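Visitor: First the structure, which I've put down as structure tokens, then a few questions once you've had a look.
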Amino acid sequence: MTPLLYLLGVVLFVFAILASIGLHELGHMVPAKGFGGKVTQYFIGFGPTVWSRTRGETEYGLKAIPVGGYVKIVGMLPPDKEHDGKVEYDEQGNRVVTVRRSNTGLFAQLVSDARAAEWETISADDEPRLFYRMAWWKKVIVMAGGPTVNLAIAFLIYGVLFATYGNPAEPVLHTSVGVVEDCVIPATRVSDVCQPGDPVSPASKAGLQPGDRFVSFNGTPVTSWTQMQGLIRGNNNGTATIVVDRNGEQLSLHTNTLVTARPLDAKDPTKLTRVGFLGVAPEVTYPTGGPVYTVEQMGGLAQQSAVALATLPVKVWGVAEAIAGVKPRAQDSPVSVVGGGRLAGETASAQDFPVKEKLVGLLGLVAGFNFFIGLFNFIPLLPLDGGHIAGALWEAIRRGVARILGRPDPGYVDVAKLLPVAYVVASFLLVMGAVLIVGDLVVPVSVT
301 MTPLLYLLGV VLFVFAILAS IGLHELGHMV PAKGFGGKVT QYFIGFGPTV WSRTRGETEY
361 GLKAIPVGGY VKIVGMLPPD KEHDGKVEYD EQGNRVVTVR RSNTGLFAQL VSDARAAEWE
421 TISADDEPRL FYRMAWWKKV IVMAGGPTVN LAIAFLIYGV LFATYGNPAE PVLHTSVGVV
481 EDCVIPATRV SDVCQPGDPV SPASKAGLQP GDRFVSFNGT PVTSWTQMQG LIRGNNNGTA
541 TIVVDRNGEQ LSLHTNTLVT ARPLDAKDPT KLTRVGFLGV APEVTYPTGG PVYTVEQMGG
601 LAQQSAVALA TLPVKVWGVA EAIAGVKPRA QDSPVSVVGG GRLAGETASA QDFPVKEKLV
661 GLLGLVAGFN FFIGLFNFIP LLPLDGGHIA GALWEAIRRG VARILGRPDP GYVDVAKLLP
721 VAYVVASFLL VMGAVLIVGD LVVPVSVT
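Just so you know, we're using my numbering here: the sequence shown kicks off at 301 and counts up by one.
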């Protein structure tokens, strides 16, 4: 592992994620301004401000903790309907804030405080530009703009990869030899470089060469790589007669397979099983396709992501158990941006990865993060974008039903009433993020 390449991989990944965050927030800001809304802040990151510049009515800047971003759209929370939605302003045009007398409960007070904070900088001139006054479909476009940008980034990256390199998630394993290993490297060793004392691989002893196509193994015709793999593993340390097709000529090669411990359980790579070993890897190709193929693959990935989202609390709990040393961390467990950076660094510095495979791995990692972030933000819960979208759609349904039934317009949906839910969800996200970051530092997931 080369430290410089590792650092380069981390930097490229962080830059790509920050760019994705910036584009996500642009997906909110551009339509909000296009519909006449007032956007006062556009920031990448959270915490103390590192840099900012004001252009027009919007402050643009960077904050110290690069784990997200936000745009401040004025008027997200409507005034309290206790006052019939009417807002009073003083002679200077500033809103006169009235605190409800019924704020006896904790959540009611939180909602009231949130409204006060939302409206303390709103003037009478801002009234027609407030977000809550927008038509429901405009609200949907504004709030869906961010995660849609993430999905578009994922589609663009996947589309380029699938059209040129192929789909790494669906490898086609051929019965021809792709790689012949020079020696038998223990599965527990991190390095993939042969060291003195490592036995010569049976495949190397037999004289196998890349491009050889397996015809039979100990008299059994070979029809697939999975079958060939099973024959090798089941042969233990027995003799092996291998017939291969090399440039149209059939050759009979002889060797002895060795018994060595290998990780066969994808869910638990630490579990090793002693099996027969030859020392070859198959030739691998990847299916290619255009935009339609990309949409189909992303549809399947969306189904897998939905299952992952449904089991996310369980998986995060599994990471917490791994941190406590209760059990090993699963390879398919979720990772934070810290874990993504580590994976990017390992991919960039892996010695056995050609440059093209490293680039594909990094691009796939960025596409995967964007795809998951896009889907995650569509969950219909505040403070996620999907929560605001759900509120706008519910507003459209209520007004549509009222119009059909000839009833008075029920008006806007008061999303402020859902702030207690937002606080609970935000608390869960903070705890989840902290657990994953600690897990990525203490018991990280590895690409190897």
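C-beta: ideal position from N, C-alpha, C; glycine also.
Keep in mind it's a predicted model, so treat the numbers as computed, not measured.
Out of curiosity, what's the CA-to-CA distance linking D545 and G600?
Guide: Within the sequence shown, residue 545 is the residue found at index 245, counting from 1. Within the sequence shown, residue 600 is the residue found at index 300, counting from 1. Roughly 37 angstroms between the two C-alpha positions.
Visitor: Only counting runs of 3 or more residues, tell me where the beta strand (DSSP E) segments fall wholly within the segment 554-601, in order along the chain.
Guide: 558-563, 572-577 and 580-585
Visitor: Pairing CB atoms from the segment 604-612 with CB atoms from the segment 468-486, are three or more of them under 8 angstroms?
Guide: no
Visitor: Would you give the residue range spanned by the beta strand (DSSP E) that G369 belongs to?
Guide: Indexing the sequence shown from 1 puts residue 369 at position 69. G369 -> beta strand (DSSP E) spans T358 to I373.
Visitor: Considering only the alpha carbon of each residue, which of A469, V330, V635 and V701 lies closest to G734?
Guide: What you label residue 734 is simply residue 434 of the sequence shown in a count that begins at 1. The residue asked about is misnamed: residue 734 is Ala in this sequence, not Gly. Of A469, V330, V635 and V701, the residue nearest in Cα terms is V635.
Visitor: Answer yes if the segment 717-725 comes into contact with the segment 679-695, meaning at least three C-beta pairs across the two stretches below 8 angstroms, and no otherwise.
Guide: Short answer: they touch.
Visitor: Helix, strand or coil for L729, going by three-state DSSP, please let me know.
Guide: Taking the first residue of the sequence shown as position 1, residue 729 is located at position 429. Three-state result, L729: helix.
Visitor: Based on the DSSP secondary-structure assignment, which residues constitute the bridge partners of V314?
Guide: Stepping through the sequence shown from its first residue, residue 314 is reached at position 14. V314 is not bridged to any residue.
Visitor: Which ranges would you report for the alpha helix (DSSP H) in the segment 614-674 if only whole runs of at least 4 residues count?
Guide: 637-649
Visitor: In the structure shown, what three-state DSSP assignment does S423 receive?
Guide: Working through the sequence shown from its first residue, we reach residue 423 at position 123. Strand at S423.
Visitor: Enumerate, from N- to C-terminal direction, the unbroken beta strand (DSSP E) stretches of 3 or more residues contained entirely within the segment 457-494.
Guide: 472-480
Visitor: Rounded to whole angstroms, what is the Cα-Cα separation between H383 and V442?
Guide: On the sequence shown, position 83 is the one that residue 383 refers to. On the sequence shown, position 142 is the one that residue 442 refers to. Caution applies to H383, whose pLDDT of 47 falls short of 50 and renders its modelled position unreliable; the value that the coordinates give is listed next. Approximately 28 angstroms between the Cα atoms of the pair.
Visitor: So the candidates are P502, P744 and R415; which of them puts its Cα closest to the Cα of R642?
Guide: By one-based count along the sequence shown, residue 642 stands at place 342. With distances taken between Cα atoms, R642 lies closest to P744.
Visitor: Quick check on DSSP: helix, strand or coil for G511?
Guide: One-based indexing of the sequence shown puts residue 511 at position 211. Coil, per DSSP.
Visitor: Would you be able to state if there are at least three C-beta pairs under 8 angstroms between the segment 446-455 and the segment 352-359?
Guide: no
Visitor: So, for L571: in the same chain, excluding its five sequence neighbours on each side, which residues have a beta-carbon less than 6 angstroms away from its beta-carbon?
Guide: Residue numbering aside, residue 571 sits at position 271 when the sequence shown is read from its first letter. Checking the displayed sequence, the identity of residue 571 turns out to be Lys instead of Leu. Answer for K571: D565, listed in chain order.
Visitor: Using the Cβ count rule (16 or more neighbours within 10 Å means buried), how would you classify W617?
Guide: The residue you call residue 617 lines up with position 317 of the sequence shown. Exposed, by the Cβ-count rule.
Visitor: Alpha carbon to alpha carbon, how far is F346 from T302?
Guide: Here the question's residue 346 lines up with position 46 in the sequence shown. Here the question's residue 302 lines up with position 2 in the sequence shown. Cα-Cα distance, rounded: 32 angstroms.
Visitor: Could you tell me if K656 is buried or exposed, where buried requires 16 or more neighbouring beta carbons within 10 angstroms of its beta carbon?
Guide: Position 356 of the sequence shown holds residue 656. With fewer than 16 Cβ atoms within 10 Å of its Cβ, K656 is classed as exposed.
Visitor: Return yes when the Cβ of G538 is within less than 8 angstroms of the Cβ of T557, no when it is not.
Guide: Within the sequence shown, residue 557 is the residue found at index 257, counting from 1. Within the sequence shown, residue 538 is the residue found at index 238, counting from 1. Yes, the pair counts as a contact, with Cβ atoms nearer than the cut-off.
Visitor: Taking all protein chains shown into account, decide if E470 is buried (16 or more other Cβ within 10 angstroms of its Cβ) or exposed.
Guide: Start at 1 with the first residue of the sequence shown, and residue 470 comes out as number 170. Exposed, by the Cβ-count rule.
Visitor: Below 7 angstroms CB to CB, which residues in the same chain sit around K505 once its five sequence neighbours on both sides are set aside?
Guide: Against the sequence shown, residue 505 aligns to sequence position 205. T555, listed in sequence order.
Visitor: So, helix, strand or coil for S352, using DSSP?
Guide: Residue mapping note: residue 352 aligns to position 52 of the sequence shown, counting from 1. DSSP places S352 in strand when its eight states are reduced to three.
Visitor: Considering T539, what are the terminal residues of the beta strand (DSSP E) in which it resides?
Guide: On the sequence shown, position 239 is the one that residue 539 refers to. Start and end: T539 to R546.
Visitor: Do you know how far the Cα of V440 is from the Cα of G385?
Guide: The sequence position of residue 385 within the sequence shown is 85, counting from 1. The sequence position of residue 440 within the sequence shown is 140, counting from 1. Only weak support exists for where G385 lies, its pLDDT of 46 falling under 50; the coordinates are left without a value.
Visitor: Candidates N467, I365, S352 and I737: which alpha carbon is nearest E596's?
Guide: As a position in the sequence shown, residue 596 is number 296, starting the count at 1. Of the listed residues, the one whose Cα sits closest to E596 is N467.
Visitor: Compare the beta carbon distance of F577 and I542 with 8 angstroms and say whether it is the shorter of the two.
Guide: Residue mapping note: residue 577 aligns to position 277 of the sequence shown, counting from 1. Residue mapping note: residue 542 aligns to position 242 of the sequence shown, counting from 1. For F577 and I542, no; Cβs fall outside 8 angstroms.
Visitor: Give the C-beta separation of L307 and G645 to the nearest angstrom, bearing in mind that I take them to be a contact with Cβ-Cβ under 8 angstroms.
Guide: For this step, residue 307 is matched to residue 7 along the sequence shown. For this step, residue 645 is matched to residue 345 along the sequence shown. The C-beta distance from L307 to G645 rounds to 7 angstroms, short enough to meet the 8 angstroms contact threshold.
Visitor: Distance check for F462 and P587, CA to CA, integer angstroms please.
Guide: As a working note, residue 587 is residue 287 in the sequence shown. As a working note, residue 462 is residue 162 in the sequence shown. Going from the Cα of P587 to the Cα of F462 covers about 8 angstroms.
Visitor: Would you mind giving the Cβ-Cβ distance between V411 and A716, rounded to the nearest angstrom? I have them listed as a contact below 8 angstroms.
Guide: What you label residue 411 is simply residue 111 of the sequence shown in a count that begins at 1. What you label residue 716 is simply residue 416 of the sequence shown in a count that begins at 1. Sure, about 5 angstroms apart at Cβ, within 8 angstroms.
Visitor: Which residues does DSSP list as the beta-bridge partners of E549?
Guide: Taking the first residue of the sequence shown as position 1, residue 549 is located at position 249. DSSP lists R546 as partners of E549.
Visitor: Report the residue from G497, S552 and V371 whose alpha carbon sits nearest the alpha carbon of E325.
Guide: Position 25 of the sequence shown, counted from the first residue, corresponds to residue 325. Comparing Cα positions, the closest option is V371.
Visitor: Would you tell me roughly how many angstroms separate the C-alpha atoms of R401 and K438, rounded to the nearest one?
Guide: By 1-based counting over the sequence shown, the position of residue 401 is 101. By 1-based counting over the sequence shown, the position of residue 438 is 138. Note that R401 scores a pLDDT of 47, beneath 50, so its modelled location is shaky; the value from the coordinates is reported in the next line. Their Cα atoms are separated by approximately 34 angstroms.
Visitor: Does DSSP classify H383 as helix, strand or coil?
Guide: As a position in the sequence shown, residue 383 is number 83, starting the count at 1. Because H383 carries a pLDDT of 47, less than 50, the predicted location of this residue cannot be relied on, and no value is offered for it.
Visitor: Taking 7 angstroms as the limit between beta carbons, can you name the residues of its chain near G534, skipping five residues before and five after?
Guide: Counting from one through the sequence shown, the residue named residue 534 turns up at place 234. Scanning its chain for C-beta atoms nearer than 7 angstroms, with the 5 sequence neighbours on each side dropped, one finds around G534 the residues G576, in chain order.
Visitor: Indicate whether P379 and W436 have their beta-carbon atoms separated by less than 8 angstroms.
Guide: Against the sequence shown, residue 379 aligns to sequence position 79. Against the sequence shown, residue 436 aligns to sequence position 136. No. Outside cutoff.
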